[in-house]
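Chemist:
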Amino acid sequence: MSTMTKSVALAAGLALTAVAAQPALAAKAAPAAASSTGGTIVQGLGVASFDAVIANSNAYKAAETARQTTYKAQFDQAQTRNTALNAQIKPLVDKFNADRQGGKVAQASLEQQAGAIQQMQEGGKAELQRILQPVGLSQAYVNEQIEDKLNDAVKAAMTKKNVSILISPDAILAVNGGAYNLNQDILNELNTALPSAQLVPPAGWEPRQVREQRAQAAGQQAPSAPATAPTGR
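Read in order, the letters of the sequence shown correspond to residues -20 to -1, 1 to 213 in mature numbering (1 follows the signal peptide of the UniProt record, and there is no 0).
1. Please return the same chain residues whose Cβ sits closer than 7 Å to the Cβ of Tyr51, not counting the five positions on each side in sequence.
2. How many Å lie between Glu169 and Met100 at the Cα?
3. The alpha helix (DSSP H) that contains Asn142, what's its start and end?
4. For Pro23, which residues in the same chain have their Cβ closer than 8 Å to its Cβ, ignoring the five residues on either side in sequence?
5. For the segment 177 to 188 against the segment 123 to 131, are there 3 or more C-beta pairs whose distance is under 8 Å?
6. Determine the direct distance from the alpha carbon of Tyr121 to that of Pro181, and round the result to whole angstroms.
7. Buried or exposed: Gln93, going by 16 or more other Cβ atoms within 10 Å of its Cβ?
8. Is Ala177 near Ala43, with beta carbons less than 8 Å apart?
9. Closest by CA to Ala58, which one among Val134, Gln109, Ala136 and Thr172?
10. Comparing alpha-carbon positions, which option in Leu167, Tyr160, Ala151 and Glu102 lies nearest Val134?
11. Within its chain, find whatever has a CB closer than 8 Å to the CB of Asn171; leave out the 5 residues flanking it on each side and keep chain order.
12. Grab the span of the beta strand (DSSP E) containing Val27 for me, first residue to last.
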């Protein structure tokens, strides 16, 4: 049995997965107050999770709440369309599983059914992504505003707490002592620098990664300046 046929066969009662507009950052635990990883704090050594700081910032949380109202039409449209797509796909999956288990349908026919189901799934997900594109742009726009202020917030917090080396919690293998938890200090600086963020990006706005890729492509395509011919005397 091919990989495609297996994937459909295993997904009995398969329904199209909703392309939900989840926050760009996973929910993180609130940054702890000044603390250490254990033992005596090592002077000058700090630890911080930028993802946790961003996700707990006032600007980020306010935007997440406001987005549910501002983009309600897109959320509702996506949910309605997702329900309709599920209703279209489920009977096809049920038939496929029945045919496969019955053992009377040729493998070629099963492959054809599996291909049609997969095509509908992929097309449905792409459609939902198009519907929710404004939501994704809003998330990227808010995150970029926060990230633009994060570096200065980190520097300010490090300076105030005399931290010269800052590492991520994921990078810690072993510390003979403790590292100062700078999350709350960075968060305080970030909330001061950016109390709130603009939710709706301006017309034509593109995420930083897209802008950089576009600029790089333009640079590669730009013709080189012609060499200047020497002038005779």
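Each residue gets a CB set at the ideal place from its N, CA and C atoms; glycine is no exception.
A quick note: this is a predicted structure, and the numbers were derived from the prediction, not measured.
Modeler: Reading from the atomic positions:
1. Translated into the one-based positions of the sequence shown, residue 51 becomes position 71. Once the five neighbours on either side are set aside, the close Cβ partners of Tyr51 are Pro114, Val115 and Ser118.
2. Residue 169 sits at position 189 when you count from the first residue of the sequence shown. Residue 100 sits at position 120 when you count from the first residue of the sequence shown. Computed Cα separation, rounded: 48 Å.
3. Within the sequence shown, residue 142 is the residue found at index 162, counting from 1. No alpha helix (DSSP H) holds Asn142; DSSP gives it neither H nor E.
4. On the sequence shown, residue 23 is found 43 positions in, with the first residue counted as 1. The sequence shown places Gln at residue 23, not Pro. The answer, listed in chain order, is Asn142.
5. yes
6. The residue labelled residue 181 in the question sits at position 201 within the sequence shown. The residue labelled residue 121 in the question sits at position 141 within the sequence shown. Distance between the alpha carbons of Pro181 and Tyr121 is about 6 Å.
7. As a position in the sequence shown, residue 93 is number 113, starting the count at 1. By the 10 Å Cβ count, Gln93 comes out buried.
8. As a position in the sequence shown, residue 177 is number 197, starting the count at 1. As a position in the sequence shown, residue 43 is number 63, starting the count at 1. A contact, by the Cβ cut-off of 8 Å.
9. Taking the first residue of the sequence shown as position 1, residue 58 is located at position 78. Comparing Cα-Cα distances from Ala58 to each of Val134, Gln109, Ala136 and Thr172, the minimum goes to Gln109.
10. Your numbering for residue 134 matches position 154 in the sequence shown. Closest by alpha carbon: Leu167.
11. Taking the first residue of the sequence shown as 1, we reach residue 171 at position 191. The answer, listed in chain order, is Ser37, Asn38 and Ala39.
12. On the sequence shown, position 47 is the one that residue 27 refers to. Counting along the chain, the beta strand (DSSP E) containing Val27 begins and ends at Ile21 to Val27.
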